[in-house]
Amino acid sequence: MTQTLAIIKPDAVAAAKTGKILAHLEAAGFAVRALRMTRLGVPEAEAFYAVHRGRPFFRSLCAFMTSGPCLPLVLERADAVAHLRTVIGATDPAEAAAGTVRKLYAESKERNAIHASDSVENAAREIAFFFPEMERVRLGG
Ligand code: CMP
640 MTQTLAIIKP
650 DAVAAAKTGK
660 ILAHLEAAGF
670 AVRALRMTRL
680 GVPEAEAFYA
690 VHRGRPFFRS
700 LCAFMTSGPC
710 LPLVLERADA
720 VAHLRTVIGA
730 TDPAEAAAGT
740 VRKLYAESKE
750 RNAIHASDSV
760 ENAAREIAFF
770 FPEMERVRLG
780 G
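The numbering used here applies: residue 640 is where the sequence shown begins, and numbers increase by one.
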């Protein structure tokens with residue numbers, strides 16, 4: 640078993656899609672190993688998305704991510720990082736495959752319902768970011 644980090648984003652929480660998205664992820668074989676609701680502050684959002692600093696959408700992305708509560712969660716299954724990327728679909732819901740979380744629940748390329756770690760290394764960093772108390776477990780592709 641391996642782990643990855645997801646965030647159910649403020650647009651999906653505000654639209655009362657949290658339960659449907661969690662059910663979708665569980666039906667896809669993920670076990671929820673940690674979950675909390677939080678509202679990010681701007682410094683936190685900027686730190687989490689530091690890799691995107693300098694991109695044209697960075698300020699808007701951080702404003703959106705701090706606009707309301709979100710739900711970071713740790714998900715576990717075999718091949719968690721790659722599998723979750725498939726299950727959530729492309730960044731832009733217009734390009735996401737049918738049946739993916741973003742095709743079903745995202746509003747736009749920015750307000751796209753869910754975040755998922757894009758590599759095993761980032762999964763480790765992102766899990767530690769939101770759940771520093773979690774014991775390190777095996778992480779993998
Ligand atoms: P996420 O998977 O959380 O990773 C970075 C986020 O930036 C992405 O989802 C989108 O919410 C946002 N994003 C990425 N590209 C764009 C873009 N071109 N325009 C607006 N937002 C974007």
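Heads up, the beta-carbon is just placed ideally off N, CA and C, and yes, glycines get one too.
Give the range of the beta strand (DSSP E) segment to which H754 is assigned.
Here residue 754 corresponds to residue number 115 of the sequence shown, with the count starting at 1. Looking at the DSSP string, the run of the beta strand (DSSP E) that includes H754 is 753–755.
E715 in three-state terms, based on DSSP:
Translated into positions along the sequence shown, residue 715 becomes position 76. Note: E715 maps to strand in three-state DSSP.
Span of the alpha helix (DSSP H) around A686
By one-based count along the sequence shown, residue 686 stands at place 47. Taken as a continuous stretch (DSSP letters only), the alpha helix (DSSP H) holding A686 covers 681–687.
Verify whether the separation of the beta carbon atoms of L743 and T643 is less than 7 Å.
Taking the first residue of the sequence shown as position 1, residue 743 is located at position 104. Taking the first residue of the sequence shown as position 1, residue 643 is located at position 4. No, these two residues do not count as a Cβ contact at 7 Å.
Of the residues E746, M773, V690, I766, the one placed nearest P711, counting alpha carbons only:
Along the sequence shown, read from residue 1 onward, the residue named residue 711 stands at position 72. Answer by Cα proximity: I766.
Please report the straight-line C-alpha distance between G780 and T677, rounded to a whole angstrom.
Residue mapping note: residue 780 aligns to position 141 of the sequence shown, counting from 1. Residue mapping note: residue 677 aligns to position 38 of the sequence shown, counting from 1. Note that G780 has pLDDT 47, beneath the 50 cutoff, so the model's placement of it is unreliable and the number below is only indicative. Spanning the two alpha carbons is a distance of roughly 27 Å.
I want to know whether the stretch 725–734 touches the stretch 686–699 - three or more CB-CB distances under 8 Å.
no
Looking at the unbroken beta strand (DSSP E) that takes in V671, where does it start and where does it end?
Counting from 1 along the sequence shown, the entry for residue 671 is found at position 32. First-last of the beta strand (DSSP E) with V671: 670–674.
Within 5 Å of the ligand CMP: residues by beta-carbon to any heavy atom:
F696, L700, K748, E749, N751, H754
So, helix, strand or coil for A737, using DSSP?
One-based indexing of the sequence shown puts residue 737 at position 98. Looking at A737 - three-state DSSP - the assignment turns out to be coil, as it is neither helix nor strand.
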